[in-house]
DNA sequence: TCCGAGCCACTTTTT
DNA sequence: GTGGCTCGGA
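Numbering (the UniProt record's numbering), first residue to last: 1 to 780.
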């Protein structure tokens, strides 16, 4: 966190330092000193210890501070021992931050908080204690998304279903969806499976779970679902935990899914001291099973709940908050909050229209350099995009400029191929029954044990219900394998067994090194011509480094399964580049928000899939983006963008229209949307020269857009076809005819083949058929 | 068993 | 435009 983008601690460091030095002492008036620097609402959230509490904490309102102080308060006042408090977060990072900040308040007694962690790590902890109640051994392995998909694929193939049409990843997603809702195979409503593999999904789910039991494995979803099953079937176990957790605290409650919600509700039944913290306006993980509903109906679920709103924002200027509030006000499904700040008015939110994505990257690059020359550090600036494919233009441009930047997100260390291979070796050594690990590395590097040999082994294994390792030994006794394969296999098995013996009296890091070397894995990479090979070798070195921090192999493997951390090499002085999702919880003085175009943001695909609910989630994502900024927000949109190698015309995002005019400042290049527009369009908000600010909002196009906006507010589902300032042409009849020859600035000449309202399908002479908005072309 | 050409599909991704 | 996956020939 210290070199990370977030600098939240600055606000409260003073208070923390004071609290730490004074411990649980008292002010002269008898109040606790650690409460002094909290504002009234924060203090209320800290001292309301009994009964259910919902803390609605807007962006930048000092949530973590209130939350950690609350935990410290419970300890200071002796209401609970450290081990009687359950505190759950979603990310390891959040858990770590919370632990550190509580430690700053209470000192070493934080060590006793063994139930502070992520949903998954705590559920795993509980499951290990009662694994046999879920049909597992307590040494079960935790599978990640990749393993899940692989396993799902095997299940599909075993059922003789075409695994190209119905992919393992697809099935894994469906199963995940069910697990997110706490549904075991017997509880899935029958009508929910019809769309996958002719309705066989439930059967496949059953088979998948059977496989999991055989493998003694649990995926992420299982951790929670098994917990639920155990709690529901074993009242004594549930009672044990209900009694233990006198106080519960949940961070980012708006992101909980149904399974997590059920889990919390079961555990809270006894003492009912549950404090959920969240912000309905920042719920952006609906597509992963998060239910905003959980936070919206908290007061119903927990009768008598106190609701405390943190609305004083310490992060952003009034202009930024005003823009963000105005935007989010268009959502209907919200509890309602109004952020305010005591800060001085700052610059307005800048909106800029540009010709295409490359120009956008160029201008943002220029802006960043300009700010840098004014004395800003690069690390104070961030570019936040809707989707990772939008990052490329920026990376290219920044590389060209030699501008130091850092991408947050992307492939994570433990998801990389080479790391996963190395881990598979280690897992196989620890548990020879781990078929997934066996399969992964038996022929990596190449040992002449390919598909054919593996099939043979699988057949033996399945017929006798034994692991691949055991099946391999048997295969050696028979003639099922070629002599060459047999030789190779003997060698492999013996080596693995020797490693297992070595493992007993070797430091895990040394073992890892030995294994990678002897397996020929290092050599394979050294001989590889692939440009990625040196990087992979570096990653393996890093892995060995990571292993060396553990005393036992078991300890390390367990850590890895649940802590899939990003490989963040800490280098200061970089501009930040990340997705909006990755930016949640962070803050930066200057934030660039490119790509605000219809179909990209809001994402067409989301809207197609989930309609208005998705639109609201996209809007929350926009809200998250804007509220990351402390001083300056710069939104941009491009009239053209290359997506997957094809040029696409785009119109500005509806979210731009939704920003309150008094907080924004529009700069746009002349002629962006062509010069053939009708009367209404010729003075669009995004066309023409820079006028005086006020004039921007006093023209026919803008007035019309406002009227449309007002209508839109009353009819929430209006995804296409609304008349807005930016969709320049008059709706309805097009002035073009099918068969007419037209010219487009980017695509050149072509002939219109289809007209749908203002959308034309044009067969371009050089770029093929494309859909364009009619104002982008002119008669040729 | 291995390798390259051709084909498709492609958001967001805390654990 | 790119990577991941499959199929056909060496």
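C-beta atoms are modelled at their ideal positions from N, C-alpha and C, and glycine is treated no differently. Here the structure is a predicted model, which means the values were calculated and not measured.
**Asked** For residue 270, which residues from the same chain have a beta carbon less than 7 Å from its beta carbon, with the 5 sequence-adjacent residues on both sides left out?
**Response** 242, 243
Backbone CA spacing between residue 456 and residue 435 [nearest angstrom]: 14 Å
Please name the residue in 513, 529, 521 whose C-alpha comes closest to that of residue 546. 513
Residues bridged to residue 219 (per DSSP) | 143
**Message:** Could you compute how far the alpha carbon of residue 290 sits from the alpha carbon of residue 257?
**Reply:** 4 Å
Task: Three-way DSSP call (helix, strand, coil) for residue 247 in this model - done: strand
Please classify residue 102: does DSSP put it in a helix, a strand, or coil? helix
Notebook entry, point to check: For residue 308, which three-state DSSP category applies?
Noted result: strand
### Exposure of residue 89, with buried meaning 16 or more beta-carbon neighbours within 10 Å
buried
Answer with buried or exposed for residue 400, where buried requires no fewer than 16 other C-beta atoms within 10 angstroms of its C-beta.
exposed
Can you tell me the Cβ-Cβ gap for residue 56 and residue 335, rounded? I've got them flagged as a contact below 8 Å.
6 Å
Where does residue 167 fall in DSSP's three states? coil
Q. For residue 621, which of 638, 601, 750, 633 has the nearest alpha-carbon?
A. 601
ask   = If you drop the 5 nearest sequence neighbours on each side, which residues of the same chain put their C-beta closer than 6 Å to that of residue 128?
value = 138
In whole angstroms, give me the CA-to-CA distance for residue 690 and residue 668.
Residue confidence for residue 690 is low, a pLDDT of 35 falling below 50, so the modelled location carries little weight; the figure read from the coordinates is stated next. Distance between the alpha carbons of residue 690 and residue 668 is about 7 Å.
Own chain residues within Cβ distance below 8 Å of residue 199, not counting five before or after: 193
Would you call the segment 582-598 in contact with the segment 382-395, where contact means no fewer than 3 C-beta pairs closer than 8 Å?
yes
Q. In whole angstroms, what is the alpha-carbon distance linking residue 760 and residue 352?
A. 26 Å
Query raised in the report: residue 630 by DSSP, collapsed to three states: which one?
Result: strand
Given 8 Å, three or more beta-carbon pairs between the segment 491-511 and the segment 411-421
no
Count the other C-beta atoms from every protein chain shown that fall within 10 angstroms of the C-beta of residue 377, then say buried if there are 16 or more, exposed otherwise.
exposed
- What three-state label does DSSP hand residue 728 in the structure shown? Residue confidence is low: residue 728 scores 31 on pLDDT, short of 50, so the model does not pin down where it sits. Its coordinate-derived value is still stated next. It is coil, neither helix nor strand.
Practice task
Measure the C-alpha to C-alpha separation of residue 739 and residue 254 and round it to an integer number of angstroms.
Solution key: 52 Å
Can you look up residue 717 in the DSSP assignment and give me helix, strand or coil? With a pLDDT of 24 at residue 717, under the threshold of 50, the predicted position of this residue should be treated as unreliable, though the coordinate-derived value follows. Coil, per DSSP.
### Query
Quick one: what's got a C-beta closer than 6 Å to residue 315's C-beta in the same chain, skipping five residues either side?
60, 587, 630
(Q) Can you give me the C-alpha to C-alpha distance between residue 763 and residue 742, rounded to a whole angstrom? (A) 10 Å
Per the DSSP calculation, residue 640 is bridged to which residue(s)? 356, 649
Notebook entry, point to check: Exposed or buried, what is residue 154 when buried is set at 16 or more other beta-carbons lying within 10 Å of its beta-carbon?
Noted result: buried
Inset, instruction - Would you check if the distance between the CB atom of residue 301 and the CB atom of residue 265 is smaller than 8 Å? - result: yes
Span separating the alpha-carbon of residue 754 from that of residue 150:
44 Å
Check: Straight-line CA distance for residue 578 to residue 216?
Finding: 37 Å
Exercise. Tell me which same chain residues have a C-beta within less than 6 Å of the C-beta of residue 10, skipping the five on either side of it?
Worked result: In this prediction, residue 10 scores a pLDDT of 39, lower than 50, which makes its location untrustworthy; no coordinate-derived value is stated.
Using beta-carbon positions only, say whether residue 259 and residue 224 come within less than 8 Å of one another. yes
Open item on the list: Among 543, 397, 646, 368, whose alpha-carbon lies nearest the alpha-carbon of residue 575?
Closed with: 368
Spatial neighbours of residue 636 in its chain, beta-carbon cut-off 8 Å, leaving aside the 5 residues before and after
351, 352, 353, 354, 360, 363, 364, 592, 593, 594, 595, 596
### Query
Is residue 576 helix, strand or coil when you go by DSSP?
strand
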